[in-house]
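The structure under discussion appears below in the form of structure tokens.
Numbering (this note's numbering), first residue to last: 1 to 194.
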């Protein structure tokens with residue numbers, strides 16, 4: 001039994017096949033990259049598990065002189081004046097604290113599609129590439145944590161290992177734009193879909 005397909009169907013299937021093959025190659029490359037990082041991390045952890053007594057004393061002296069952090073506070077407001085969140089920018093970390101009474105769901109566009117995937121994941125991937133070339137240490141790779149309640153309402157976003165000012169500006173700009181669009185989608189247009 002043969003299936004009859006139009007030329008248009010054949011063309012679309014051919015394009016889909018090319019896309020899937022390309023996507024598969026990309027995913028395999030990412031898996032290989034992650035596996036190589038894990039090997040390096042295993043080696044680093046094995047070396048770090050042995051610390052000389054002199055190193056412990058030096059670490060204790062270093063830790064005994066803490067300097068007070070200079071945390072910058074940046075409010076995020078919608079154009080209508082509603083406070084959406086507050087950004088706390090520290091030396092190596094950005095924390096986004098959601099404003100009380102503003103319930104933005106992590107499923108609301110463009111949080112996942114833009115802020116997570118296009119901004120944070122893209123930055124993290126660039127950091128992994130820098131690490132694989134030996135340009136940065138494992139502890140300098142961008143990481144993030146998202147806290148939400150049982151209903152998926154965002155409460156807090158922590159972005160770690162953000163050291164250069166250019167990246168701080170990019171993240172600050174991206175989170176402001178994202179939260180404003182989310183607010184508009186949830187409160188002004190009523191659309192929460194991804």
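By construction, the Cβ of each residue, glycine as well, lies at the ideal position given by its N, Cα and C atoms.
For residue 153, no beta strand (DSSP E) segment is defined, and its DSSP state is neither H nor E.
With a threshold of 16 other beta carbon atoms within 10 Å, residue 3 falls short and is exposed. Here DSSP, grouped into helix, strand and coil, assigns residue 71 to coil. Between residue 76 and residue 154, the C-beta gap is not smaller than 7 Å, which leaves the two residues out of contact.
Under the three-state reduction of DSSP output, residue 80 falls in the coil class, being neither helix nor strand. Residue 127 places its beta carbon less than 7 Å from that of residue 142.
Residue range 93-98 is occupied by the beta strand (DSSP E) that includes residue 97. Leaving aside the five residues that flank residue 125 on each side, none in its chain has a CB nearer than 6 Å to its CB. Using a Cβ-Cβ distance cut-off of 8 Å, the stretch 6-16 and the stretch 105-117 are not in contact, since fewer than three pairs of beta carbons, one from each stretch, lie closer than that value. Distance from the CA atom of residue 133 to the CA atom of residue 36, rounded to whole angstroms, is 12 Å. DSSP places residue 104 in the coil class of the three-state scheme, outside both helix and strand. In this structure residue 119 does not touch residue 85 by the C-beta definition: roughly 16 Å separates them, more than the 8 Å allowed.
Around the beta carbon of residue 92, fewer than 16 other beta carbons sit within 10 angstroms, so the residue counts as exposed. For residue 188, there is no enclosing alpha helix (DSSP H), since its DSSP letter is neither H nor E. For residue 151, the number of other beta carbons within 10 angstroms of its own is below 16, and it is reported as exposed.
A distance of 7 Å or more separates the beta carbons of residue 102 and residue 158. Shown here, residue 143 sits in a strand according to DSSP, grouped into three states. For residue 170, the uninterrupted alpha helix (DSSP H) run begins and ends at 165-183, by DSSP.
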